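A.B. asks:
Residue numbers (this note's numbering): 87 to 140.
(1) Between residue 114 and residue 121, what straight-line distance do the alpha-carbon atoms span, to the nearest angstrom?
(2) Go to residue 101, then tell me how far its alpha helix (DSSP H) extends in each direction, as first and last residue.
(3) Residue 129 to residue 119, Cα distance in whole Å?
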């Protein structure tokens, strides 16, 4: 990777940035899915309990 001084080439640097960005968005997608599956049903259930018809 890079030359003897540890300096990255443009392509190596671009790959690191790309990999970091992809990892970030995979984590965002995972968190969104977890929120949709776990939190939204709880929010909706609480809303219905608090505002349900008598």
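Yeah, the Cβ is synthetic: ideal placement off N, Cα and C, and Gly gets one too. Treat the numbers as computed from the prediction; the structure is a model and nothing was measured.
C.D. replies: For this structure:
(1) Your numbering for residue 114 matches position 28 in the chain shown. Your numbering for residue 121 matches position 35 in the chain shown. Using only the alpha carbons, I get a separation of about 10 angstroms.
(2) The residue labelled residue 101 in the question sits at position 15 within the chain shown. It spans 96-120 - the alpha helix (DSSP H) in which residue 101 sits, taken as one unbroken run.
(3) Numbered from 1 along the chain shown, position 43 holds the residue referred to as residue 129. Numbered from 1 along the chain shown, position 33 holds the residue referred to as residue 119. The alpha-carbon atoms of residue 129 and residue 119 are separated by roughly 15 angstroms.
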